[in-house]
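When the letters of the sequence shown are read in order and numbered with the working numbering, they come out as residues 14 to 276.
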Amino acid sequence: MKLPLRWTKNTVIFGGIAAWGLLLVSCVSVSRTVVAPPKIAGAQFVGSKACAECHDDKAEHFAGATHSRLALKDDKGADISCESCHGAGSTHVKAGGGKGTIVNPGKSPETCFTCHLDKRGEFSLPNAHPVNAGQVSCSDCHDSHKGHAVKQSAADLGAQTKNDSCTKCHVAQKGPFVFRHNAMVEGCTVCHNPHGSVNQKMLVARDANLCLRCHLEHPAVVGNGTIIVGGEDHRTRLQGGTCWTAGCHEAVHGSNASSALRY
14 MKLPLRWTKN TVIFGGIAAW GLLLVSCVSV SRTVVAPPKI AGAQFVGSKA
64 CAECHDDKAE HFAGATHSRL ALKDDKGADI SCESCHGAGS THVKAGGGKG
114 TIVNPGKSPE TCFTCHLDKR GEFSLPNAHP VNAGQVSCSD CHDSHKGHAV
164 KQSAADLGAQ TKNDSCTKCH VAQKGPFVFR HNAMVEGCTV CHNPHGSVNQ
214 KMLVARDANL CLRCHLEHPA VVGNGTIIVG GEDHRTRLQG GTCWTAGCHE
264 AVHGSNASSA LRY
């Protein structure tokens, strides 16, 4: 029997939607990696317990780490979570440790990119931390063995230290300042993408639109286009550049002289 074209088309459309929905559910529901561990010639899996015999400082907090969800099992059901990122460890164990016998993701981002494909793309954007050039590594900011993998983050150490991963390099932005930009309380990532951006200074939005996300006091009135910030119309001022380049609020991280964040 020949089916009506309309019925066939609807079947394809709705069938496709249903299949896509199932795919999304399956992806969201997966709590274990489906990525193969790095290859090390001639090496066999030894299990995470063998790793912990020497690396007890890493194993101590790993059960509560985000990366513990990788939790790969070998053919015998043994836990090989460590080896899911570092590769099979028998050669490393036999050699009594040492470089060259195990994969160290801290030396190359490729192991991290195996799962974090979106970050590979972000590091290739025009303004990015030089991870691809080898000047910065993922482990400079991330601890894959503890917490949710961001070093000195709010989740691990409290709100006052959430920016420490950034300010250990960007010292001038740390302060303390007499007048602090409240965005610093929320964290550097309110304004910056820490991996990369199409915008200068790795900003999450270009020009004054970034500032207006928080500082616009009410939507622009249709017809006159007012931009009210601090009780004043900023239309003319914004024509001179961004909030921080138009000679107004240059001290965007904090100021010791002005509550309006001027030097």
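Backbone N, C-alpha and C define an ideal beta-carbon position, used for all residues, glycine too.
Checklist entry - What's the C-alpha gap between residue 271 and residue 229? => result In the sequence shown, counting from the first residue as 1, residue 271 sits at position 258. In the sequence shown, counting from the first residue as 1, residue 229 sits at position 216. Roughly 20 Å separates the two Cα atoms.
Item to check | Span of the alpha helix (DSSP H) around residue 1 | outcome: The requested residue 1 does not occur in the structure, where the chain is confined to residues 14 to 276.
Checklist entry - Between the C-alpha atoms of residue 205 and residue 160, what's the straight-line distance to the nearest angstrom? => result The residue labelled residue 205 in the question sits at position 192 within the sequence shown. The residue labelled residue 160 in the question sits at position 147 within the sequence shown. Roughly 22 Å between the two C-alpha positions.
Next on the checklist: Helix, strand or coil for residue 181? Go by DSSP, reduced to three states.
Outcome noted: Position 168 of the sequence shown, counted from the start, is the residue given in the question as residue 181. If DSSP states are grouped into helix, strand and coil, residue 181 belongs with coil.
Item to check | Per-residue DSSP class, three states only, for residue 40 | outcome: The sequence position of residue 40 within the sequence shown is 27, counting from 1. Below a pLDDT of 50, predicted positions are generally treated as unreliable, and residue 40, at 43, falls in that range; the measurement from the model is reported next regardless. If DSSP states are grouped into helix, strand and coil, residue 40 belongs with the helices.
Item to check | Distance CB(residue 63)-CB(residue 102) smaller than 8 Å | outcome: To locate residue 63, count along the sequence shown from 1; it is residue 50. To locate residue 102, count along the sequence shown from 1; it is residue 89. Contact flag set, yes.
Checklist entry - If you draw a straight line from the C-alpha of residue 145 to the C-alpha of residue 244, how long is it? => result Your numbering for residue 145 matches position 132 in the sequence shown. Your numbering for residue 244 matches position 231 in the sequence shown. Approximately 45 Å between the Cα atoms of the pair.
Item to check | Under the three-state DSSP convention, the category residue 155 falls into | outcome: As a working mapping, residue 155 is identified with position 142 in the sequence shown. In the structure shown, residue 155 sits in a strand (DSSP, three-state: E or B).
Next on the checklist: Just to confirm the assignment, what range does the alpha helix (DSSP H) spanning residue 105 have?
Outcome noted: Here residue 105 corresponds to residue number 92 of the sequence shown, with the count starting at 1. Taken as a continuous stretch (DSSP letters only), the alpha helix (DSSP H) holding residue 105 covers 103-107.
Next on the checklist: Taking 8 Å as the cut-off, does the segment 125-143 touch the segment 208-217 (at least 3 CB pairs, one atom from each stretch)?
Outcome noted: yes
Item to check | Whole runs of the alpha helix (DSSP H) within the segment 218-247, excluding any shorter than 4 residues | outcome: 222-228
Item to check | Validate contact between the segment 255-275 and the segment 183-199 using beta carbons, cut 8 Å, 3 pairs | outcome: yes
Next on the checklist: Taking the straight line between their C-alpha atoms, what separation do you get for residue 247 and residue 148?
Outcome noted: For the purposes of this step, residue 247 is taken as the residue at position 234 of the sequence shown. For the purposes of this step, residue 148 is taken as the residue at position 135 of the sequence shown. The straight-line gap from Cα to Cα measures roughly 41 Å.
Item to check | Contact set for residue 143: own chain, Cβ-Cβ below 6 Å, skip 5 residues either direction | outcome: The residue labelled residue 143 in the question sits at position 130 within the sequence shown. Annotation for residue 143: 149 place their beta carbon closer than 6 Å to its own, counting only its chain and skipping 5 residues before and after.
Checklist entry - Where does residue 216 fall in DSSP's three states? => result Here residue 216 corresponds to residue number 203 of the sequence shown, with the count starting at 1. DSSP places residue 216 in strand when its eight states are reduced to three.
Next on the checklist: My output table needs one value for residue 192: the three-state DSSP class, helix, strand or coil.
Outcome noted: Within the sequence shown, the letter at position 179 stands for residue 192. It is a strand residue.
Checklist entry - Between residue 66 and the rest of its own chain, which residues show a CB-CB distance below 6 Å, the 5 nearest in sequence each way excluded? => result Translated into the one-based positions of the sequence shown, residue 66 becomes position 53. Here the set comprises nothing.
Next on the checklist: Could you check whether residue 94 and residue 121 sit closer than 8 Å to each other, using their CB atoms as the reference points?
Outcome noted: By one-based count along the sequence shown, residue 121 stands at place 108. By one-based count along the sequence shown, residue 94 stands at place 81. The answer is no: Cβ separation not under 8 Å.
Checklist entry - Just how far apart, CA to CA, sit residue 79 and residue 53? => result Counted from its first residue, the sequence shown places residue 79 at position 66. Counted from its first residue, the sequence shown places residue 53 at position 40. Approximately 25 Å between the Cα atoms of the pair.
Checklist entry - What three-state label does DSSP hand residue 160 in the structure shown? => result Residue numbering aside, residue 160 sits at position 147 when the sequence shown is read from its first letter. If DSSP states are grouped into helix, strand and coil, residue 160 belongs with coil.
Checklist entry - Which of the three DSSP states, helix, strand or coil, is assigned to residue 81? => result Locating residue 81 in the sequence shown gives position 68, where the first residue counts as 1. Helix, per DSSP.
Item to check | Under the three-state DSSP convention, the category residue 137 falls into | outcome: As a working note, residue 137 is residue 124 in the sequence shown. Coil at residue 137, not helix or strand.
Checklist entry - For residue 100, does the three-state DSSP call read helix, strand or coil? => result Counting from 1 along the sequence shown, the entry for residue 100 is found at position 87. DSSP, reduced to helix, strand and coil, places residue 100 outside both helices and strands of the structure shown, so it counts as coil.
Item to check | Status (buried if at least 16 other CB within 10 Å, exposed otherwise) for residue 111 | outcome: Position 98 of the sequence shown holds residue 111. It is exposed - the Cβ of residue 111 has fewer than 16 other Cβ atoms within 10 Å.
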